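Trainee: Have a look at this one.
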Amino acid sequence: MSRLIVISNRVAAPTPQGEGGAQGGLAVALSAALREYQGLWFGWSGKTVEEFTGDIEFARHDGVSSATIDLEPQDVDEYYNGYANRTLWPLFHYRIDLAEYDRSFGSGYERVNERFAETVAPLIEPDDLVWVHDYHLIPLGSQLRESGIRNRIGFFLHIPWPPARLLTSLPAHERLVLSLLAYDVIGFQTAEWLESFQNYVERELGGHCDADGTIHVGDRSVHAAAYPIGIDYKEFQQAVASPGAHEACSRLTESAAGRHTIIGVDRLDYSKGLAERFEGYRRFLEDNDHCRGKLFLLQIAPPSRGEVDTYETIRESLDELSGRINGEYAEVDWVPIRYVNQGYGREDLAGFYRAAKIALITPLRDGMNLVAKEYVAAQDPDDPGILILSRFAGAALQLKEALLCNPYSKEDISDSIRRALAMPKEERIRRWRAMNEVVEKQDVVWWRKCFVDALERSRR
Ligand code: ADQ
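Throughout the sequence shown, residue numbering follows the numbering used here, covering 23 to 482 in sequence.
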């Protein structure tokens with residue numbers, strides 16, 4: 023059997039301190055695949071050194087081997103904070119208004135991808151399958167080819183692929199997309215992002231796309247398909263059944279004192295539509311005064327990417343907005359929004375999801391959104407809660423029985439909350455069963471198998 027080499031910006035392999043318990047589903051799933059395939063996880067250590075050395079730090083814990091490198095501060099500024107998070111992240115989430123186009127970002131991005139390629143190439147053996155993850159490393163495949171790597175290499179994009187008309191605002195967009203053709207398999211979260219990619223290939227590169235997913239540009243053929251990522255359903259079920267989750271569930275239920283909890287769990291990011299969500303909830307309070315005091319919104323959103331100014335701005339505006347709404351509507355014994363700026367472990371989250379009657383997950387654009395799937399997996403089958411989900415999250419294409427809403431419309435968010443509160447139990451159960459079946463069957467193990475099978479089948 024071939025070995026699997028996973029390459030991503032950061033490595034989330036298990037650590038000797040046992041931090042594995044707090045890992046996300048993706049880390050758990052990829053670690054399981056690496057154990058099965060005797061593979062290696064390569065990426066940036068998260069640390070910086072004055073001058074790049076290419077020294078690799080190897081580690082092996084819990085059956086998973088990892089190899090990490092340190093980067094220079096300039097690399098981190100230009101590649102990570104710059105091109106990845108200030109250019110590609112906003113652009114791929116349809117926010118060209120926030121995307122910064124700066125030549126130094128582009129050259130830093132290329133340089134770090136080259137550094138990744140040079141350091142990982144000697145670790146790759148002839149039969150290995152190589153799986154590159156996410157927007158940080160789009161050109162890595164072509165740089166590995168330049169280093170002489172002939173292995174099968176796959177790429178999976180965790181975030182949306184933007185429409186061609188937006189992508190063409192990126193200087194050197196053609197170069198970026200052409201570099202993708204060095205892969206054998208390109209995976210997207212949904213058919214929608216795949217279509218945008220195919221459309222770009224046809225319009226801008228003059229290529230054509232076969233019905234079986236093969237894309238032809240010049241003499242290159244690549245397989246491109248949608249592989250929707252799932253959660254580690256079994257692991258999450260264990261988290262839900264754990265004493266930690268029971269405790270978290272009771273803690274929230276007791277503090278709710280008979281009121282309904284509406285939960286939101288997100289990284290603090292503009293793509294998650296938090297301000298629009300707060301405004302939609304405010305509209306609900308405005309239009310439904312009989313409901314005030316009977317429910318509250320628990321929004322869990324730990325800060326992310328503090329080095330990027332936009333994140334500081336969004337943090338300040340949400341502090342202000344939640345404060346204003348609380349000021350407008352709070353009573354001595356009731357606060358409408360509990361806004362919590364800290365992260366929680368899997369068991370706590372599982373317990374909070376279970377205690378919440380409604381999940382309000384309204385990203386403006388999201389590759390998939392695993393929180394929606396976790397919420398479904400955490401519900402009591404006999405008395406499940408209701409998922410209100412943005413139609414612009416990749417997950418909406420699978421979770422069709424959620425209450426799908428337009429996150430840009432306050433009225434739509436408000437109406438969805440009202441509908442959820444009035445939903446009869448039979449309907450809740452029916453909708454939940456349909457969603458749970460998808461979440462359980464198309465879990466992260468299924469996702470990983472679909473992708474790795476396609477990569478194994480691909481022939482250079
Ligand atoms: P993210 O944008 O990080 O991921 P998401 O899929 O919602 O978004 O969450 C990933 C994980 O982080 C989940 O397991 C969730 O529980 C955890 N998480 C999120 N907010 C948290 C919080 N406040 N506290 C604790 N844990 C939290 C990117 C893409 C998504 C895609 C994933 C996986 O943007 O669209 O679903 O990758 O491919």
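C-beta atoms are modelled at their ideal positions from N, C-alpha and C, and glycine is treated no differently. The structure displayed is predicted, hence computed values, not measured ones.
(1) In whole angstroms, what separates the C-alpha of D232 from that of E224?
(2) Do you know whose CA, among G209, T283, P385, lies nearest R360's CA?
(3) Less than 7 Å between the beta carbons of V393 and V466, yes or no?
(4) Where does the unbroken alpha helix (DSSP H) through T275 begin, and where does it stop?
(5) Where do the N-terminal and C-terminal ends of the beta strand (DSSP E) with K69 fall, by residue?
(6) Run through the segment 398 to 444 for me and flag every whole alpha helix (DSSP H) of 4 or more residues, listed as ranges in chain order.
(7) In chain order, what residues of the same chain lie with their CB nearer than 7 Å to the CB of P184, ignoring the 5 residues before and after it?
(8) Between which two residues does the alpha helix (DSSP H) carrying Q464 extend?
(9) Could you check how far apart the C-beta atoms of V357 and F318 are, in whole angstroms? I think they sit under 8 Å.
(10) Kindly give me the distance between the Cβ atoms of L443 and A424, rounded to whole angstroms, as I take these residues to be in contact under 8 Å.
(11) DSSP beta-bridge partners for P325?
(12) Does L93 come out as helix, strand or coil in the three-state DSSP assignment?
(13) Considering only heavy atoms of ligand 1, does any lie closer than 6 Å to the CB of P324?
(14) Between the alpha carbons of G252 and E353, how many angstroms are there, rounded?
(15) Of the residues I285, R470, L202, which one's Cα is nearest the Cα of H158?
(16) Quick check: is any heavy atom of ligand 1 less than 6 Å from the C-beta of R289?
(17) Do E298 and V50 have their CB atoms nearer than 7 Å?
(18) So L382 packs on Y430, CB below 8 Å; how close in whole Å?
(19) Measuring alpha carbon to alpha carbon, tell me which residue in D341, D388, A263, H180 is nearest A400.
(20) Since G176 is in the beta strand (DSSP E), which residue starts that stretch and which ends it?
(21) Measure from the alpha carbon of L162 to the alpha carbon of each residue in P144, N173, N135, then state which is nearest.
(22) Going by the CB atoms, is the gap between G76 and R25 shorter than 7 Å?
(23) By the three-class DSSP mapping on this structure, what secondary structure does Y105 have?
Mentor: Short version:
(1) 11 Å
(2) T283
(3) no
(4) 265 to 278
(5) 62 to 70
(6) 432 to 444
(7) L113, F114, Y116, S218
(8) Per DSSP, Q464 belongs to no alpha helix (DSSP H) and is neither H nor E.
(9) 7 Å
(10) The pair is not a contact, with the Cβ atoms about 15 Å apart (cut-off 8 Å).
(11) L290
(12) strand
(13) yes
(14) 41 Å
(15) L202
(16) yes
(17) no
(18) Rounded, the Cβ-Cβ distance is 14 Å, inconsistent with contact.
(19) A263
(20) 174 to 178
(21) N135
(22) no
(23) helix
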